[in-house]
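Undergrad: What follows is a structure written as structure tokens; I'll ask about it next.
Numbering (my numbering), first residue to last: 17 to 408.
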């Protein structure tokens, strides 16, 4: 089945904007998306001068969608990824067109039957929403980082056998998606490794992923690679029994900031303890600071701002665990200290699942995700604009 048969363009004349009772509890200028072709939740927003590119997915991640929203909320165009997959890592290209990673995976029913299969690639979309071309990538490509003159694609290599020991794969692609080089990495200190997220760093890339020690402990690795795919430096983080990647970003000064969380498990297999950390590394990989978040919180997003950082959590996780609590946002100063302030945007008081936050370049934060009728019961995808409070 070709990509063009799966990506379904839908010409939508208008976006129905409604204000639910839940939206009244959400800060800022709230826009909800009430259209059956754009269901579930907003998962990524790319602010643009004449609107925004919005990525989303159904509640359980069965398929994803991409839409261009006008400033007044109208939909200029929309695409649906009906191949049991989702879009992520959208980029605006120099000619006004867009690119994004698409990832597909099987969906299993109650009897264990699988529908669909693993697959990944880049889709190039013209400014008017027309699909220009698609380029297949390694089947389990998890993240795509736009870089000057191309992309870094990170995923997993199975050596042709899905049952084989997975190894992390990093590829450099040119602007058209053609592979320049592709390397599989190994480290004798770990029995398995994987790359999960990344961010552009100078002429290279910084990646965050997971690894397993010979003793069976799961740790987080942060690694920088140069333009030739050679390792520049690496760092590891370990908390409690199992450590998971949160987010990673690069500041204007070239610092690496990110988050991770550690978990311990009870006899019933459910998490019994959680620790969340936010860290900052110098351009040479040396640690500048690291903080333990109070109250057992974990940070899923880290947004660098001039002189400070906005960190937060999606809270509820409707795909896997609707009982994680409410989402939250908090400011950290340049040294990682939590700031005492009364102007932190309220993450909705349990009225939403926060999928992410970004800045629009015009003094506003964009919060996005899905509104909730009540915990565990989603209603509509939303985006809200909140003024960025002045630094203190």
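Quick reminder that beta carbons are idealized off the backbone N, C-alpha and C, glycines included.
Can you find the residues in the same chain that come closer than 6 Å, C-beta to C-beta, to residue 414, ignoring five residues on each side of it along the sequence?
TA: Since the first residue of the chain shown is 17 and the last is 408, residue 414 is not available in this structure.
Undergrad: Pull up the distance between the alpha-carbon of residue 228 and that of residue 207, whole angstroms please.
TA: As a position in the chain shown, residue 228 is number 212, starting the count at 1. As a position in the chain shown, residue 207 is number 191, starting the count at 1. Taking the straight line joining both Cα atoms gives about 6 Å.
Undergrad: Can you give me the start and stop residues for the beta strand (DSSP E) that residue 162 sits inside?
TA: The residue given as residue 162 occupies position 146 in the chain shown. That run of the beta strand (DSSP E) goes 156-163.
Undergrad: Span of the beta strand (DSSP E) holding residue 323?
TA: On the chain shown, position 307 is the one that residue 323 refers to. No beta strand (DSSP E) holds residue 323; DSSP gives it neither H nor E.
Undergrad: Since residue 127 is in the beta strand (DSSP E), which residue starts that stretch and which ends it?
TA: Numbered from 1 along the chain shown, position 111 holds the residue referred to as residue 127. Premise fails: residue 127 is in no beta strand (DSSP E) and is neither H nor E.
Undergrad: Provide the residue span of the beta strand (DSSP E) that contains residue 292, from first to last.
TA: Reading the chain shown from its first residue, position 276 is the one you call residue 292. Residue 292: member of the beta strand (DSSP E) spanning 287-297, first to last residue.
Undergrad: One question on the structure: do residue 293 and residue 306 come within less than 8 Å of each other, judged by their Cβ atoms?
TA: Locating residue 293 in the chain shown gives position 277, where the first residue counts as 1. Locating residue 306 in the chain shown gives position 290, where the first residue counts as 1. Going by C-beta atoms, residue 293 is nearer than 8 Å to residue 306.
Undergrad: Name the DSSP beta bridge partners of residue 59, please?
TA: Looking up residue 59 in the chain shown gives position 43. Answer by DSSP bridge pairing: none, since residue 59 is not bridged.
Undergrad: For residue 235 and residue 252, which I take to be in contact (beta-carbon distance under 8 Å), what is that distance rounded to the nearest angstrom?
TA: Your numbering for residue 235 matches position 219 in the chain shown. Your numbering for residue 252 matches position 236 in the chain shown. At roughly 5 Å, the Cβ-Cβ gap stays under 8 Å, so residue 235 and residue 252 are in contact.
Undergrad: Measuring CB atoms only, is the segment 102-111 touching the segment 396-408, in the sense that at least three cross pairs come out at less than 8 Å?
TA: no
Undergrad: Could you check if residue 280 is buried or exposed, using at least 16 other CB atoms within 10 Å of its CB as the buried criterion?
TA: Translated into the one-based positions of the chain shown, residue 280 becomes position 264. That one is exposed.
Undergrad: Roughly how many angstroms separate the alpha carbons of residue 398 and residue 43, rounded to a whole number?
TA: Counting from one through the chain shown, the residue named residue 398 turns up at place 382. Counting from one through the chain shown, the residue named residue 43 turns up at place 27. Distance between the alpha carbons of residue 398 and residue 43 is about 12 Å.
Undergrad: Considering only the beta carbon of each residue, do residue 418 and residue 291 sit closer than 8 Å?
TA: This structure cannot settle anything about residue 418, because the visible part of the chain is limited to 17 through 408.
Undergrad: Suppose the cutoff is 6 Å on Cβ atoms and the five residues either side in sequence are ignored; what does the same chain contact list for residue 238 look like?
TA: Looking up residue 238 in the chain shown gives position 222. Once the five neighbours on either side are set aside, the close Cβ partners of residue 238 are 224 and 251.
Undergrad: What does a CB cutoff of less than 7 Å around residue 212 pick up in its chain, not counting 5 residues either side in sequence?
TA: Here residue 212 is taken as the residue at index 196 of the chain shown, counted from 1. Closer than 7 Å at Cβ, skipping near neighbours: 158, 159, 224, 225, 226 and 261.
Undergrad: How about residue 371 and residue 58: are their beta carbons less than 8 Å apart?
TA: Walking along the chain shown from the start, residue 371 turns up at place 355. Walking along the chain shown from the start, residue 58 turns up at place 42. Result yes, Cβ atoms of residue 371 and residue 58 sit closer than 8 Å.
Undergrad: To the nearest angstrom, how far is it from the Cα of residue 172 to the Cα of residue 156?
TA: Your numbering for residue 172 matches position 156 in the chain shown. Your numbering for residue 156 matches position 140 in the chain shown. The straight-line gap from Cα to Cα measures roughly 6 Å.
Undergrad: Taking the C-alpha atoms as reference points, what is the distance between residue 86 and residue 193?
TA: The residue you call residue 86 lines up with position 70 of the chain shown. The residue you call residue 193 lines up with position 177 of the chain shown. Cα to Cα, residue 86 sits roughly 28 Å from residue 193.
Undergrad: Name, in chain order, the residues that DSSP records as bridge partners for residue 199.
TA: As a working note, residue 199 is residue 183 in the chain shown. Answer is 186, bridged to residue 199.
Undergrad: What number of angstroms, rounded off, separates the C-alpha of residue 334 from the C-alpha of residue 76?
TA: In the chain shown, counting from the first residue as 1, residue 334 sits at position 318. In the chain shown, counting from the first residue as 1, residue 76 sits at position 60. Below a pLDDT of 50, predicted positions are generally treated as unreliable, and residue 334, at 48, falls in that range; the measurement from the model is reported next regardless. In a straight line, the C-alpha of residue 334 is about 7 Å away from that of residue 76.
Undergrad: So within the segment 185-260, which uninterrupted beta strand (DSSP E) runs reach at least 3 residues, ignoring any that extend past its ends?
TA: 195-200, 208-217, 220-228, 234-241 and 247-253
Undergrad: Return the first residue and the last residue of the beta strand (DSSP E) that residue 97 is part of.
TA: The count along the chain shown starts at 1 and reaches residue 97 at position 81. Segment 91-97, the beta strand (DSSP E) holding residue 97.
Undergrad: Flag this pair as yes or no: are the beta carbons of residue 369 and residue 330 separated by less than 8 Å?
TA: Sequence index remark: in the chain shown, residue 369 carries index 353 (1-based). Sequence index remark: in the chain shown, residue 330 carries index 314 (1-based). Yes; because the gap between Cβ atoms is below 8 Å, this pair is in contact.
Undergrad: When the Cα of residue 288 is compared with those of 275, 265, 263 and 258, which residue comes out closest?
TA: Locating residue 288 in the chain shown gives position 272, where the first residue counts as 1. Comparing Cα positions, the closest option is 258.
Undergrad: Suppose you measure from the CA of residue 134 to the CA of residue 153; what does that come to, to the nearest Å?
TA: What you label residue 134 is simply residue 118 of the chain shown in a count that begins at 1. What you label residue 153 is simply residue 137 of the chain shown in a count that begins at 1. The alpha-carbon atoms of residue 134 and residue 153 are separated by roughly 11 Å.
Undergrad: Just checking my contact of residue 209 with residue 186 at CB under 8 Å: how many whole Å lie between their CB atoms?
TA: Residue numbering aside, residue 209 sits at position 193 when the chain shown is read from its first letter. Residue numbering aside, residue 186 sits at position 170 when the chain shown is read from its first letter. The Cβ separation is near 11 Å, so there is no contact.
Undergrad: Round the Cβ separation of residue 395 and residue 382 to the nearest angstrom and send it over; I've been treating them as touching at under 8 Å.
TA: One-based indexing of the chain shown puts residue 395 at position 379. One-based indexing of the chain shown puts residue 382 at position 366. The beta-carbon distance between residue 395 and residue 382, rounded to whole angstroms, is 19 Å. This is too long to meet the 8 Å contact definition.
Undergrad: Quick check on DSSP: helix, strand or coil for residue 314?
TA: The residue labelled residue 314 in the question sits at position 298 within the chain shown. Of the three classes helix, strand and coil, the one that applies to residue 314 here is coil, per DSSP.
Undergrad: Report the option in 41, 50, 56 and 67 whose CA atom is closest to the CA atom of residue 378.
TA: Stepping through the chain shown from its first residue, residue 378 is reached at position 362. Of the listed residues, the one whose Cα sits closest to residue 378 is 67.
Undergrad: DSSP on residue 303, reduced to helix/strand/coil?
TA: Counted from its first residue, the chain shown places residue 303 at position 287. Residue state, collapsed to three classes: strand.
Undergrad: Along the chain, where does the beta strand (DSSP E) that runs through residue 401 open and close?
TA: If you number the chain shown from 1, residue 401 lands on position 385. Start and end: 393-403.
Undergrad: Buried or exposed for residue 184, please, with buried defined as at least 16 other CB atoms from any protein chain shown within 10 angstroms of its CB.
TA: Your numbering for residue 184 matches position 168 in the chain shown. The residue in question, residue 184, is buried, as its Cβ has 16 or more Cβ neighbours within 10 Å.
Undergrad: If you draw a straight line from the alpha carbon of residue 390 to that of residue 248, how long is it in whole angstroms?
TA: Counted from its first residue, the chain shown places residue 390 at position 374. Counted from its first residue, the chain shown places residue 248 at position 232. Spanning the two alpha carbons is a distance of roughly 47 Å.
Undergrad: Going straight from the alpha carbon of residue 316 to that of residue 271, what length do you get?
TA: Taking the chain shown and counting its residues from 1, one reaches residue 316 at position 300. Taking the chain shown and counting its residues from 1, one reaches residue 271 at position 255. Whole-angstrom Cα-Cα distance: 18 Å.
Undergrad: Confirm, please, whether the CB-CB distance from residue 263 to residue 409 is below 8 Å.
TA: Lying outside 17 to 408, the shown extent of the chain, residue 409 is not represented and no answer is given.
Undergrad: Give every residue of the same chain whose Cβ lies closer than 8 Å to the Cβ of residue 125, excluding the five residues on either side of it in the sequence, and list them in chain order.
TA: Against the chain shown, residue 125 aligns to sequence position 109. Once the five neighbours on either side are set aside, the close Cβ partners of residue 125 are 131.
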